[in-house]
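Just below is one structure, and these are the notes that go with it.
Numbering (the working numbering), first residue to last: 22 to 243.
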């Protein structure tokens, strides 16, 4: 059986991309990355994969969002992905792109959704006086960061934390979370049903949790 084909969308340094590459190399993720796509031609993430797997275009050179999204969608579709994962992709995807890949389109976001959709999540958690912070993997829907949450990783907010402290402490947990959810996805156990995340044919009543060993705590027997 051929391995699941994953396309990755990136905008920055690519540490979450590297986490997926490492999980594949370690045998924890039975998949192969068939393309890495960026809206920023100079994104460091692109350097993490061989040149034939890289695609980029400067979104600022397109007349509108729809034009860039259509070009990106065609490029992604050309590699025939089973899954499309936004791993630090910083542009909002339009409805046409999302509809084309709906049900196989995942994103990792650095907050405990539904809290703090959008940017500056670490600072916002501190400003709110939260005692916990974390990351979420969710299905992508047209509304920003509003898709059903599949799983989350939680860290404590410590006295004296600054946004950069939270970001640094959360990052390894983000990496483990994304790899664990990707492994669950390629196994065929995850589906999106309407506005719900389903696992093994049953709706998740709450997001899965990542334990201290980097494993997802499943709500029912497997």
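A virtual CB, placed ideally from N, CA and C, is assigned to each residue, including glycine. These numbers come from a predicted model, not from an experiment.
Who are the Cβ neighbours of residue i in its own chain at under 6 angstroms, not counting the five residues just before and after it?
i           : result
residue 205 : 211
residue 178 : 151, 152, 154
residue 213 : 124, 160
residue 243 : For residue 243, the pLDDT reaches just 47, beneath the cut-off of 50, and the residue's location in the model is therefore unreliable, although a value from the coordinates is still provided. Counting only Cβ-Cβ distances below 6 angstroms, and skipping sequence neighbours, we find nothing.
residue 89  : 80, 83
residue 219 : 212
residue 43  : none
For a quick check, are the C-beta atoms of residue i and residue j less than 8 angstroms apart?
i           : j           : result
residue 116 : residue 184 : no
residue 191 : residue 176 : yes
residue 102 : residue 34  : no
residue 207 : residue 108 : no
residue 66  : residue 31  : yes
residue 198 : residue 174 : yes
residue 49  : residue 200 : yes
residue 229 : residue 239 : yes
residue 100 : residue 28  : yes
residue 37  : residue 195 : yes
residue 139 : residue 165 : yes
residue 91  : residue 58  : no
residue 156 : residue 119 : no
Looking only at its chain, what residues have a beta carbon closer than 7 angstroms to the beta carbon of residue i, apart from the 5 residues adjacent to it on each side?
i           : result
residue 142 : 131, 132
residue 216 : 169
residue 22  : Model confidence at residue 22 stands at a pLDDT of 47, short of 50, so the residue's coordinates are unreliable; what they give is reported in the following sentence. Nothing listed; no residue qualifies.
residue 39  : 69
residue 110 : 30, 31, 32
residue 134 : 157, 159, 166, 170
Between which two residues does the alpha helix (DSSP H) containing residue i stretch?
i          : result
residue 10 : This structure cannot speak to residue 10, because the chain is shown only from 22 to 243.
Could you give the first and the last residue of the continuous beta strand (DSSP E) run that contains residue i?
i           : result
residue 177 : 170-177
residue 214 : 211-214
residue 165 : Note, residue 165: premise wrong, no beta strand (DSSP E); not H, not E.
residue 231 : 229-231
residue 225 : Note, residue 225: premise wrong, no beta strand (DSSP E); not H, not E.
residue 220 : 217-220
So, for residue i: in the same chain, excluding its five sequence neighbours on each side, which residues have a beta-carbon less than 8 angstroms away from its beta-carbon?
i           : result
residue 79  : 60, 61, 62
residue 121 : 94, 98
residue 127 : 104, 105, 106, 107, 158, 159, 160, 161, 171, 202, 203, 206
residue 55  : 26, 27, 28, 74, 100, 101, 102
residue 236 : 201
residue 87  : 115, 117
With a threshold of 8 angstroms between beta carbons, is residue i in contact with chain B?
i          : result
residue 41 : The chain inventory of the structure shown lacks chain B, comprising one protein chain alone.
Any beta strand (DSSP E) of 3 or more consecutive residues that is wholly inside the region 106-157: Within the region 106-157, the runs of beta strand (DSSP E) at least 3 residues long that lie entirely inside it are, in chain order, 126-130.
Residue ranges of each beta strand (DSSP E) within the region 23-87, 3 or longer: 25-31, 52-59, 75-77
Touching by the beta-carbon criterion (3+ pairs, under 8 angstroms), the region 66-80 and the region 219-233: no
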